[in-house]
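A.B. asks: Note that the protein sequences, when read in sequence, are chains H and W.
Under numbering that gives the first Met the number 0, the first residue of the first sequence is numbered 0, with each subsequent residue one higher.
Under numbering that gives the first Met the number 0, the first residue of the second sequence is numbered 0, with each subsequent residue one higher.
First, the structure itself, so that you have it in front of you.
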Amino acid sequence: MSLSLDDVSRIARLARIEISPAEAERTRDQLNGILSFVEQLQAVNTDGIAPLAHAVDVVQRLRPDAVTESDHRAAFQAIAPETEAGLYLVPKVIE
Amino acid sequence: MTDLIQASLKELSSALAQKKISSVELTTLFLDRIEQHNPTLNAFVTVDRDKTLAAAQAADAKIGAGGMKCPAAGTAELSPLCGIPLAHKDIFCADGWRTTCGSKMLANFIAPYSAHVVDQLNAAGMVMLGKCNMDEFAMGSSNESSFFGPVKNPWDTGCVPGGSSGGSAAAIAARLAPAATGTDTGGSIRQPAALCGLTGLKPTYGVVSRYGMIAFASSLDQGGPMAKSAEDCALLLNAMAGFDPRDSTSLERPAEDYARDLDKPLDGLRIGLPREFFGAGMDDGVRVAVEVALAEYRKLGATTVDIDLPNSSLSVPAYYVIAPAEASSNLSRFDGVRYGHRAPDYTDLNDMYAKSRAQGFGDEVKRRILIGTYVLSHGYYDAYYLKAQKIRRLIAADFQVAFKSCDVIMGPTAPSVAFRFGEKSADPVQMYLSDIYTIAVNLAGLPGMSIPCGFDRDLPVGLQIVGPWFGEARMLNVAHRYQQATDWHTRMPEAMK
Numbered sequence: 000m001s002l003s004l005d006d007v008s009r010i011a012r013l014a015r016i017e018i019s020p021a022e023a024e025r026t027r028d029q030l031n032g033i034l035s036f037v038e039q040l041q042a043v044n045t046d047g048i049a050p051l052a053h054a055v056d057v058v059q060r061l062r063p064d065a066v067t068e069s070d071h072r073a074a075f076q077a078i079a080p081e082t083e084a085g086l087y088l089v090p091k092v093i094e
Numbered sequence: 000m001t002d003l004i005q006a007s008l009k010e011l012s013s014a015l016a017q018k019k020i021s022s023v024e025l026t027t028l029f030l031d032r033i034e035q036h037n038p039t040l041n042a043f044v045t046v047d048r049d050k051t052l053a054a055a056q057a058a059d060a061k062i063g064a065g066g067m068k069c070p071a072a073g074t075a076e077l078s079p080l081c082g083i084p085l086a087h088k089d090i091f092c093a094d095g096w097r098t099t100c101g102s103k104m105l106a107n108f109i110a111p112y113s114a115h116v117v118d119q120l121n122a123a124g125m126v127m128l129g130k131c132n133m134d135e136f137a138m139g140s141s142n143e144s145s146f147f148g149p150v151k152n153p154w155d156t157g158c159v160p161g162g163s164s165g166g167s168a169a170a171i172a173a174r175l176a177p178a179a180t181g182t183d184t185g186g187s188i189r190q191p192a193a194l195c196g197l198t199g200l201k202p203t204y205g206v207v208s209r210y211g212m213i214a215f216a217s218s219l220d221q222g223g224p225m226a227k228s229a230e231d232c233a234l235l236l237n238a239m240a241g242f243d244p245r246d247s248t249s250l251e252r253p254a255e256d257y258a259r260d261l262d263k264p265l266d267g268l269r270i271g272l273p274r275e276f277f278g279a280g281m282d283d284g285v286r287v288a289v290e291v292a293l294a295e296y297r298k299l300g301a302t303t304v305d306i307d308l309p310n311s312s313l314s315v316p317a318y319y320v321i322a323p324a325e326a327s328s329n330l331s332r333f334d335g336v337r338y339g340h341r342a343p344d345y346t347d348l349n350d351m352y353a354k355s356r357a358q359g360f361g362d363e364v365k366r367r368i369l370i371g372t373y374v375l376s377h378g379y380y381d382a383y384y385l386k387a388q389k390i391r392r393l394i395a396a397d398f399q400v401a402f403k404s405c406d407v408i409m410g411p412t413a414p415s416v417a418f419r420f421g422e423k424s425a426d427p428v429q430m431y432l433s434d435i436y437t438i439a440v441n442l443a444g445l446p447g448m449s450i451p452c453g454f455d456r457d458l459p460v461g462l463q464i465v466g467p468w469f470g471e472a473r474m475l476n477v478a479h480r481y482q483q484a485t486d487w488h489t490r491m492p493e494a495m496k
């Protein structure tokens, strides 16, 4: 299957990346090129094969539910685009 | 001076310990070389002479005082790396240093903390020379996707250095740094090491902490050393490896001395040669260099055995589902709110996200985020991501079978020597295929390395060595013995002398 321009704009919206109409066709063609390249995976029989997420067989570690981090707010907010009174500023979302 | 830029880390270590040279003098030598050659090569994106020299002074004080705790080996002795300068790939956060990941998104990002790897190497007394250029967010095999412009290959400035750790590779090849850090998600240490004539090692997944290493594809990303020789890499890995509770996939294992087996003879070593790695697709010059290297190994007492990795042709397509999927998730953190680029004009919150990301990311990064978003989207997850993860198990199982009949696997690192700028940048899939021999190793989580084994058309050729899980010490031994018998790893570009 191959992606349409509508598909590309839907994916771009999900990814929160603005794509101009001028870029859309080229993007569609390149994405279709990649998708047709990975299409060969579909021909492989993977019945009964468990997916592999971590190459070494380990389980997720647990740790005591205790505070391990100290307060770095000032340092972290110093590199933020816009802050005020210790808060990150974003455009108004609730009218 | 040529002696110092060509010296091994062990030689530099003993020159420093015997006070034949100070860390400040040694560091100044490399800072001067960076100043001289970086305008041509573009290997470094950030250099801070004052900060670097302050670190060198601190290292000199430690050397003067004698004993200091070396965290990796856990001894009370001075670390053998103390006072030696090195460069960091700009994917590693370093407290107070600009850390860009090769992206406009992070062009003004000053890291507020250090990566585990940076902490470990700082603690060992290594002196940070600066931050090396790279493909944007480590997505690329040529360094052409960097926001800061391409890195030039010191062997031929019309050619790419490989990627994504291309700045690290060019810096060492031009002798602007004795060693560097790199990261490898699909070949990003090994392929540039091959294209620049270096030794580079990607450890077993989980050996080196990913904390503070800007995430691309978390189940594949692994940091590792890049240097002139296997011996250098062993010393660096000793300081870089180790359990770190801040990385959820860091492995809790006893510390190892990766240099312990360097000098062991290779008698009886069984080298597996995957038929799939010696078929069509490899340049003749590369094939010849690899064959000559294998003949040298037979002289050193090894035997070769043909093996099969029947699913290896699926590794590049499986990778281009898994890596973009994980990237699309990891890179969703770049939203223009807490750090990184924010678009100057927007209408509402969603528009701010979409514009900030459209402006902050380059084409290749956007492409991979879009592919990843698609393969993870409703209705496609099973067909793509889950399918690729299953195939990943088949690929890993091939290696497990293969290692029953051999100790290490060898083949070419890359199908060709360094290619020219623009040669593969128009077609993403062509670029992806330059990692055809390296990607399966990441999918299986195995350790892999590249060592220089000759030249084709005056450009370096890399020999890939793949080991079983946790086989690093053996691989370094295999590489070191070869480097004792040959001198490819000592060659440096004439123009950089």
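For every residue, glycine included, the Cβ atom is placed at its ideal position computed from N, Cα and C.
1) Give a yes or no on whether 7 Å exceeds the smallest Cβ distance from leucine 128 of chain W to chain H.
2) Can you name the start and end residues of the beta strand (DSSP E) that arginine 473 of chain W belongs to?
3) Using a C-beta cutoff of 7 Å, does glycine 514 of chain W count as contacting chain H?
4) So, helix, strand or coil for proline 343 of chain W, using DSSP?
5) Mind checking the region 395-416 of chain W against chain H and listing, in chain order, the residues whose C-beta falls within less than 7 Å of any C-beta there?
6) Among residues of its own chain, excluding the 5 on either side of alanine 77 of chain H, which ones have a beta-carbon nearer than 6 Å to its beta-carbon?
7) Check the DSSP bridge columns for lysine 88 of chain W and list the partner residues they point to.
8) Is valine 66 of chain H close to chain W? Criterion is C-beta to C-beta, closer than 7 Å.
9) Applying the criterion that 16 or more other CB atoms from any shown protein chain within 10 Å of the CB defines a buried residue, is valine 66 of chain H buried or exposed?
10) Have a look at serine 217 of chain W and serine 208 of chain W and give me their C-alpha separation to the nearest angstrom.
11) Is the distance from the Cβ of valine 465 of chain W to the Cβ of isoleucine 408 of chain W below 7 Å?
12) Indicate the three-state DSSP secondary structure (helix, strand or coil) for threonine 182 of chain W in the structure shown.
13) Under 8 Å Cβ-Cβ, which residues of chain W neighbour isoleucine 10 of chain H?
14) Would you say threonine 82 of chain H reaches chain W, if we count a Cβ-Cβ gap shorter than 7 Å as a contact?
15) So, with DSSP's three-state summary, where would you put glycine 211 of chain W?
16) Quick one: list the residues of chain W neighbouring proline 50 of chain H, beta-carbon separation under 8 Å, in chain order.
17) Based on Cα-Cα distance, which residue from W:Phe146, W:Val159, W:Pro38 lies nearest to phenylalanine 420 of chain W?
18) Any Cβ of chain H within less than 7 Å of the Cβ of proline 309 of chain W?
19) Would you kindly work out how many angstroms separate the C-alpha atoms of serine 3 of chain H and glycine 378 of chain W, rounded to a whole number?
20) In chain W, which residues lie with their C-beta within 9 Å of the C-beta of isoleucine 78 of chain H?
21) Can you list the residues of chain W that isoleucine 16 of chain H reaches, using a CB-CB cut of under 8 Å?
22) Can you tell which of W:Asp220, W:Met125, W:Pro153, W:Gly444 has the C-alpha that lies nearest to the C-alpha of asparagine 237 of chain W?
23) Which residues, in chain order, does the region 318-332 of chain W contribute to contact with chain H at a C-beta distance below 7 Å?
24) Are glutamine 399 of chain W and leucine 51 of chain H touching if we call contact CB-CB under 7 Å?
25) Using 8 Å as the cut-off, can you tell me whether the region 39-47 of chain W makes contact with the region 1-12 of chain W, which would need three or more C-beta pairs spanning the two stretches below that distance?
26) Excluding the 5 residues flanking threonine 184 of chain W on each side, which residues of the same chain have their C-beta closer than 7 Å to its C-beta?
27) Taking 7 Å as the threshold (C-beta atoms), are glycine 300 of chain W and serine 249 of chain W in contact?
28) Going by the CB atoms, is the gap between alanine 114 of chain W and methionine 212 of chain W shorter than 7 Å?
29) What separation, rounded to the nearest whole angstrom, lies between the Cα atoms of threonine 302 of chain W and proline 411 of chain W?
30) Counting pairs of Cβ atoms below 8 Å between the region 357-369 of chain W and the region 128-142 of chain W, do you hit three or more?
31) Let me confirm a value: serine 22 of chain W is counted as buried when at least 16 other C-beta atoms fall within 10 Å, else exposed. Which label applies?
32) Indicate whether cysteine 81 of chain W and alanine 110 of chain W have their beta-carbon atoms separated by less than 7 Å.
33) Can you tell me whether DSSP reads asparagine 152 of chain W as helix, strand or coil?
34) Three or more C-beta pairs closer than 8 Å, one from the region 447-465 of chain W and one from the region 479-493 of chain W: is that the case here?
35) With a threshold of 16 other CB atoms inside 10 Å of the CB of glutamate 83 of chain H, please say whether the residue is buried or exposed.
36) Leaving out five residues on either side along the sequence, give the residues of the same chain with a beta carbon under 6 Å from the beta carbon of alanine 23 of chain H.
C.D. replies: Walking through what the data contain:
1) no
2) No beta strand (DSSP E) contains arginine 473 of chain W, which is instead part of the alpha helix (DSSP H) from 471-484.
3) Past the edges of chain W, shown from 0 to 496, lies residue 514 of chain W, and the structure says nothing about it.
4) coil
5) Ala395
6) none
7) W:Cys131
8) no
9) exposed
10) 11 Å
11) The Cβ atoms of valine 465 of chain W and isoleucine 408 of chain W lie closer than 7 Å to each other.
12) strand
13) Leu369, Thr372, Tyr373, Ser376
14) Contacts with chain W at 7 Å (Cβ-Cβ) do not include threonine 82 of chain H.
15) Three-state DSSP puts glycine 211 of chain W in coil, outside helix and strand.
16) Leu385, Gln388, Lys389, Arg391, Arg392
17) W:Val159
18) no
19) Spanning the two alpha carbons is a distance of roughly 17 Å.
20) Neighbours of isoleucine 78 of chain H in chain W, taken as residues whose beta carbon is under 9 Å from its own, are Asn107, Phe108, Ile109, Ala110, Pro111, Arg337, Tyr338, Gly339 in chain order.
21) Ala353, Arg356, Ala357, Phe360, Lys365, Ile368, Leu369
22) W:Met125
23) Within the region 318-332 of chain W, the residues whose Cβ lies closer than 7 Å to some Cβ of chain H are Tyr319, Val320, Ser327, listed in chain order.
24) no
25) The region 39-47 of chain W is not in contact with the region 1-12 of chain W.
26) Ala137, Phe215, Ala216, Leu219, Asp220, Ala322, Asn441
27) no
28) yes
29) The alpha-carbon atoms of threonine 302 of chain W and proline 411 of chain W are separated by roughly 18 Å.
30) Taking a contact to require three or more Cβ pairs closer than 8 Å, the region 357-369 of chain W and the region 128-142 of chain W qualify as touching.
31) buried
32) no
33) strand
34) A contact exists between the region 447-465 of chain W and the region 479-493 of chain W.
35) exposed
36) Leu4, Val7
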